[in-house]
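Trainee: Quick note: the sequence shown, position 49, residue 49 per UniProt numbering, numbers continuous.
First the structure, then my questions, so here it is.
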Amino acid sequence: MIKFNKRDSKKMLKEVARLRGVSVAEVRGEMQLAIEEARNNPDAEKQAEFQRLFGNKTPTPEEFICITSKKLKF
């Protein structure tokens with residue numbers, strides 16, 4: 001199982017920004033919007049899954065990467 005820590009997450013965001021030719025702030029902003037959309041999904045099952053993973057808070061992009069990477073199975 002692969003797990004990423006916060007430092008790994010920051011490196012990932014930096015690499016995505018470099019590959020896309022945009023700033024890290026832009027990558028973080030786009031991810032934050034996607035995270036908020038997921039949190040506010042009208043599907044009750046998806047809301048429950050989001051709450052199970054993150055509780056009542058909206059994670060930062062770095063937290064999102066760390067927490068969801070723990071759930072990945074290869």
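Heads up, the beta-carbon is just placed ideally off N, CA and C, and yes, glycines get one too.
Assuming K70 and K3 form a contact by the criterion Cβ under 8 Å, report the distance between their Cβ atoms to the nearest whole angstrom.
Mentor: 5 Å between Cβ atoms; contact.
Trainee: Mapping the DSSP letters down to three states, classify residue 126 as helix, strand or coil.
Mentor: A query on residue 126 cannot be resolved here, the shown segment of the chain reaching from 1 to 74 and no further.
Trainee: Does DSSP classify P42 as helix, strand or coil?
Mentor: Correct three-state label for P42: coil.
Trainee: Check each candidate in C66, D43 and T60 and name the one with the smallest Cα separation from L33.
Mentor: Answer by Cα proximity: T60.
Trainee: Are the stretch 45 to 61 and the stretch 20 to 32 in contact at 8 Å, needing three or more beta carbon pairs?
Mentor: Judged by Cβ distances under 8 Å, the stretch 45 to 61 makes contact with the stretch 20 to 32, as three or more pairs qualify.
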